[in-house]
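A.B. asks:
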Amino acid sequence: MSLILQFALNGLIAGSIYALVASGFSLIYNTNKFMHFAHGISVVVSGYILFSLFSLINLNFYLSLFSAPIYASFIGFLIFRVIYLPLQKRKASNIILLIASISTLILFQNLILLFFGANVKDIGYLEIKQGIDFYGATITPMQIIIILTSLVFFIFLYIFMNKTKLGRNMRAVSNNKELASVIGINERRISDLSFFIGSFLGGVAGVLIALEQNITPNVGVFLIIKGFTGAVIGGISSVPASVLGSYILGLVENFGIAALPSGYKDAISFILLFLFLLLKPEGLVSLRRKK
Amino acid sequence: MKIKNISKNFGGIKALESCSMEIKSKKITAIIGPNGSGKTTLFNIISRLIKPDEGEIIFNEKNIISMEDFEVAKFGISRTFQEARLFKNLTIQDHLEIALAENSEYIFKSLTKKEKNKDNKIQEILDLIGLDKSLDSYASDLSYGQRKLLDLAVSLAKPHSILLLDEPVAGVNPILRNKIKDILKNLRKKGETIVLIEHDMNFVMNLANYVYVLDYGKVIAQGSPKKIRNNKKVLEAYLGK
Amino acid sequence: MILPYLTHILILIGIYTILIVSLNLALGYSGLLNLGHVALWGIGAYTSALLTIHGVPFIFSFIIAGIVTALFGLLLVFATRRLKGDYFALASLGFSFVVYSLLLNLTELTRGPLGVAGIPKPSLFGLIIKNSNYYLIFVAIISFASIFLINKIVKSGFGKLLEAMRDDEIGLRVLGKDTTKLKYKVMLVSGFFTGISGSLFAHYIGFIDPNTFYISELILLITIVIIGGIASIKGSIIATFIILSLSELIRFLPVPSSIVGPIRQITYVIVLLLILMFKPRGLFGRVDLE
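Here the protein sequences come in this chain order: A, B and C. Quick note on numbering: my numbering labels position 86 of the first sequence as 67, and the sequence is numbered without any gaps. To convert, take the position in the second sequence, counting from 1, and add 470; that gives my numbering. To convert, take the position in the third sequence, counting from 1, and add 6; that gives my numbering.
#1: On the DSSP bridge assignment, give the partners of residue 483/B in chain order.
#2: CA-CA distance, residue 581/B and residue 681/B?
#3: Distance, Cα to Cα, residue 188/A vs residue 87/A?
#4: Could you say if the region 89 to 105 of chain C and the region 34 to 48 of chain C meet the contact criterion of at least three C-beta pairs nearer than 8 Å?
#5: Residues of the region 228 to 261 of chain A with a CB closer than 8 Å to any CB of chain C: list them in chain order, please.
#6: Look up residue 663/B in the DSSP assignment and say whether it is helix, strand or coil.
#7: Could you name each continuous beta strand (DSSP E) segment of 3 residues or more that falls completely within the region 58 to 136 of chain A, going from the start of the chain to the end?
#8: Relative to the alpha-carbon of residue 528/B, which residue among 490/B, 554/B, 565/B has its alpha-carbon at the smallest distance?
#9: Mind pulling the chain C residues with CB within less than 7 Å of residue 568/B?
#10: Quick test of your reading: residue 156/C and residue 207/C, contact by CB under 8 Å. State the CB separation rounded to the nearest angstrom.
#11: Compile a chain-ordered list of the residues in the region 77 to 97 of chain C whose CB is closer than 8 Å to at least one CB of chain A.
#12: DSSP on residue 62/C, reduced to helix/strand/coil?
#13: Can you give me, in chain order, the residues of the region 62 to 82 of chain A that have a beta carbon less than 8 Å from any beta carbon in chain C?
#14: Quick one, which residues of the region 208 to 222 of chain A are near chain C if we go by CB-CB under 7 Å, in chain order?
#15: How far does the alpha helix (DSSP H) with residue 604/B in it reach, from first residue to last?
#16: Determine the extent of the alpha helix (DSSP H) in which residue 633/B is found, giving its start and end residues.
#17: Run through DSSP, which three-state label would residue 491/B get?
#18: Closest by CA to residue 280/C, which one among 63/A, 24/A, 143/A, 240/A?
#19: Need the endpoints of the alpha helix (DSSP H) that residue 170/A sits in, please.
#20: Below 8 Å between beta carbons is the criterion; list the residues of the region 183 to 195 of chain C that meet it against any residue of chain B, in chain order.
#21: With distance defined between alpha-carbon atoms, name the residue in 574/B, 677/B, 475/B nearest to residue 533/B.
#22: Identify the continuous alpha helix (DSSP H) that holds residue 614/B and give its terminal residues.
#23: Cα separation between residue 54/A and residue 126/A?
#24: Keeping to the same chain, check which residues put their C-beta closer than 6 Å to that of residue 194/C; ignore five residues upstream and five downstream.
#25: In the structure shown, what three-state DSSP assignment does residue 679/B receive?
#26: Does the CB of residue 111/C have a neighbour CB from chain A at under 9 Å?
#27: Return no unless some Cβ of chain C is closer than 9 Å to the Cβ of residue -5/A.
#28: Using 8 Å for Cβ pairs, my map puts residue 552/B next to residue 510/B. What's the rounded Cβ distance?
#29: Shorter than 9 Å from the beta carbon of residue 598/B to some beta carbon of chain C?
#30: I'd like the span of the alpha helix (DSSP H) that includes residue 563/B, first residue to last.
#31: Looking at chain A, which residues of the region 211 to 244 of chain C have a Cβ within less than 9 Å of any of its Cβ atoms?
#32: Exposed or buried, what is residue 539/B when buried is set at 16 or more other beta-carbons lying within 10 Å of its beta-carbon?
#33: State the DSSP-derived secondary structure class of residue 257/A, mapped to helix, strand or coil.
#34: Assign residue 4/A to one of three DSSP states: helix, strand, or coil.
#35: In this structure, does DSSP put residue 223/C in helix, strand or coil?
#36: Per DSSP, what are the beta-bridge partners of residue 691/B in this structure?
Right under this line is the structure:
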């Protein structure tokens, strides 16, 4: 019983990180209608900024912690302005945007590799890495923070998307771009905003994973694949569905390695991704939208 | 071709309701009706791009409802689209060769057997259509009218026993309009069976042998063009009740 | 001193041209946005390497690698037959990930992250092609033959059908052509040549591991094929020459060898982004990437 609980907890922890990445990805996808794989950059850049500010320059921890995702959101915005927007102006097809996106991701991964080296970086913040006992399962304070932080952000995101004017405008653009611009919503601003918010969420995932484990240059590629998989499983055209799908992914992965050798954890998510793309690309939560 | 009780629903909207028609061979049959009356949906069902919810279509003594789109095309149905579907990176020559080619789907045959020279046939069709552009012009270089003509030429070149033309003169200037009307009359003289969708009742008047009128997916009238022109229901459908 | 090095580059160019031209066949001529191409290459390489190590004569390993890869190519398009453009690209990318993780995890078969080392040099009719010069001749022959064949295919009536399918699949279907079967045939051909390229690669380098066939390599392939131009065999060949030469030149930069890899990747990616931004048809492409 406690083993099941442990798997479930591990699944929730992983799921939380994936969901943060997936929510940003899905938000950007829905607003702009293309796949921003370079979203992984916001994760990895955020982690390395935390490392640089805190571990290298010895800036105050909380300052570093809160500014890292903000920097990440700016970089996401820059990528939109410098890479995607010019391509869109040239009427680039979605496949070109996709390739440009993956290329940008690889670009940043290698830039980070160049500047920081391939070795694993530990943030070195004295978190109590000792586990707390929870009905027979173990969970560390950091892990609890991960779960709670992501829940808090999802609640904020929900409130923003549904209760604020800006959020509703964003959803309007997602639903029907032409109609939205006809009623006076500034598309460009909404796109900018989606990149800011989406990348910020990715940045939060970045600092959390950096604190919980460590940071390496491939963390961006790794997490965007997971986040994308979670979004596909849940339903990429809905941010809440993407979040749900990510938690499901986390749980399936962790229960899955009960049966398989632990190296298969990533294989499980890749296979799930492939199967869903083949069989149910609209995801589990398929919304019937009346266009 | 016999169309029997074809119905199609699109998420609650009845695009076609128990549509039945009889297409006589070597004649021009026109299907007219206001926008959204289901004309193109019917063509899409006949060419099997969509599946109907019920009904059958008997063509050359077979019910083609269960066939796939390319099978039904091979079986003798040739069609054009409202927006001409052309291959923008291929030349006029390429288009016609593809339509005429018999064995090009087989790699081995394509590499070893020399395909019979089709240039005569190609020229014949282009003369019939009157497309005044060199054979090696790319489809992307053609004007709207020329695209329509090429679309027609391609559907003619492809071996067929019936031609479905979806708004062959939509958006086309009056001179070209008349030219196309003459081409169609010529084709009928040569024994072609033609079904055409049109908006414009006038175009259809002295061209079609028989007319079906669709409104909201139902056949509301059928008969000779003269009879249709004076039919009250038809006028109401077009002008609104 | 220079000659052996030149031979080395030419061998790589020979191997990669087969790979790129077969990618262009699927992507440029047929419109199949196959981001799984790198995985197919890996399957070819691993098949050939593992068979030879277990005693199968090279000539058989070589051909079987081509056939196995062709079958996986077929499997990929069969599985994805209902997906349209973008989603096919994503699914094929997913396929690359799956193959990568299987290569990593099926350790009894593939030796996992350790990779397969000691891949023997090919031996044909008793002669072992140990000498690089002979290997170059061997690769050159296979390369010319492959490109010749693929070129014949694209210039034939079948090739025109492929291009029509790329431009408007439905337009071709209403002309009575079974485009699904066309896709199968193309992927069999593309897969076969990809497989033999993989075999040549494995037996030349002597060592392969799952990371050789993952995202970085995929970026290289995409960069070359786009720079050369969609639907241009000439472009693919020339671009392979240019990019691989560039890649090897980078090695001569006065930087520590651990930096060479990232610098290469950064170069490829920046070139790719610039091309996508300013000259998306590449050097000789006649068609837009859609």
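Even for Gly, the Cβ is constructed at its ideal location relative to N, Cα and C. Just so we're clear, the structure is a prediction, and the values are computed from it rather than from any experiment.
C.D. replies: If we stick to the structure as given:
#1: Taking the first residue of the second sequence as 1, we reach residue 483/B at position 13. Answer is 480/B, bridged to residue 483/B.
#2: In the second sequence, the residue the question calls residue 581/B occupies position 111. In the second sequence, the residue the question calls residue 681/B occupies position 211. In a straight line, the C-alpha of residue 581/B is about 47 Å away from that of residue 681/B.
#3: As a first step, residue 188/A is located in the first sequence; it is residue number 207 there, counting from the start. As a first step, residue 87/A is located in the first sequence; it is residue number 106 there, counting from the start. Their backbone Cα atoms lie some 20 Å apart in a straight line.
#4: yes
#5: 242, 244, 245, 247, 248, 251, 252, 254, 255, 258, 259
#6: Within the second sequence, numbered from 1, the residue matching residue 663/B stands at position 193. Here residue 663/B sits in coil by DSSP.
#7: 113 to 115, 118 to 120
#8: Here residue 528/B refers to the residue found at position 58 of the second sequence. Comparing Cα-Cα distances from residue 528/B to each of 490/B, 554/B, 565/B, the minimum goes to 490/B.
#9: Along the second sequence, one-based indexing puts residue 568/B at 98. Within 7 Å Cβ-Cβ: 166, 167, 170, 181.
#10: As a position in the third sequence, residue 156/C is number 150, starting the count at 1. As a position in the third sequence, residue 207/C is number 201, starting the count at 1. Actually they are not in contact, since the Cβ atoms of residue 156/C and residue 207/C sit about 18 Å apart, beyond 8 Å.
#11: 85, 86, 89, 91, 92, 93, 95, 96, 97
#12: Taking the first residue of the third sequence as 1, we reach residue 62/C at position 56. Of the three classes helix, strand and coil, the one that applies to residue 62/C here is coil, per DSSP.
#13: 64, 67, 68, 71, 73, 74, 75, 76, 77, 79, 80, 81
#14: none
#15: Numbered from its first residue, the second sequence carries residue 604/B at position 134. Neither: residue 604/B is in no alpha helix (DSSP H) and is coded neither H nor E.
#16: The residue given as residue 633/B occupies position 163 in the second sequence. Where residue 633/B is concerned, there is no enclosing alpha helix (DSSP H), although the beta strand (DSSP E) it sits in stretches over 632 to 636.
#17: Counted from its first residue, the second sequence places residue 491/B at position 21. DSSP places residue 491/B in strand when its eight states are reduced to three.
#18: Numbered from 1 along the third sequence, position 274 holds the residue referred to as residue 280/C. Checked all of 63/A, 24/A, 143/A, 240/A; the closest Cα to residue 280/C is 63/A.
#19: On the first sequence, position 189 is the one that residue 170/A refers to. Unbroken alpha helix (DSSP H) run through residue 170/A: 168 to 193.
#20: 183, 184, 185, 187, 188, 191, 195
#21: On the second sequence, position 63 is the one that residue 533/B refers to. Comparing Cα-Cα distances from residue 533/B to each of 574/B, 677/B, 475/B, the minimum goes to 475/B.
#22: As a first step, residue 614/B must be located in the second sequence, where it is residue number 144. Here the alpha helix (DSSP H) through residue 614/B covers 614 to 627.
#23: In the first sequence, counting from the first residue as 1, residue 54/A sits at position 73. In the first sequence, counting from the first residue as 1, residue 126/A sits at position 145. Going by the C-alpha atoms only, they are around 21 Å apart.
#24: To locate residue 194/C, count along the third sequence from 1; it is residue 188. Excluding residues within five positions, the ones whose Cβ falls inside 6 Å are 76, 80.
#25: In the second sequence, residue 679/B corresponds to position 209, counting from 1. It is coil, neither helix nor strand.
#26: Within the third sequence, residue 111/C is the residue found at index 105, counting from 1. So yes, residue 111/C belongs to the interface.
#27: Sequence index remark: in the first sequence, residue -5/A carries index 14 (1-based). Judged by the 9 Å Cβ criterion, residue -5/A is not in contact with chain C.
#28: For the purposes of this step, residue 552/B is identified with residue 82 of the second sequence, where counting begins at 1. For the purposes of this step, residue 510/B is identified with residue 40 of the second sequence, where counting begins at 1. Yes, residue 552/B and residue 510/B are in contact; Cβ-Cβ is about 7 Å, under 8 Å.
#29: For the purposes of this step, residue 598/B is taken as residue 128 along the second sequence, with counting starting at 1. Cβ-Cβ to chain C under 9 Å: no for residue 598/B.
#30: As a position in the second sequence, residue 563/B is number 93, starting the count at 1. 562 to 570 is the extent of the alpha helix (DSSP H) around residue 563/B.
#31: 221, 222, 224, 225, 228, 229, 232
#32: Position 69 of the second sequence, counted from the first residue, corresponds to residue 539/B. Buried, because 16 or more other Cβ atoms sit within 10 Å of the Cβ of residue 539/B.
#33: As a first step, residue 257/A is located in the first sequence; it is residue number 276 there, counting from the start. In this structure, residue 257/A counts as helix in the three-state DSSP scheme.
#34: Start at 1 with the first residue of the first sequence, and residue 4/A comes out as number 23. Residue 4/A falls in the helix class under three-state DSSP.
#35: Reading the third sequence from its first residue, position 217 is the one you call residue 223/C. Three-state DSSP puts residue 223/C in a helix.
#36: By one-based count along the second sequence, residue 691/B stands at place 221. Per DSSP, 683/B.
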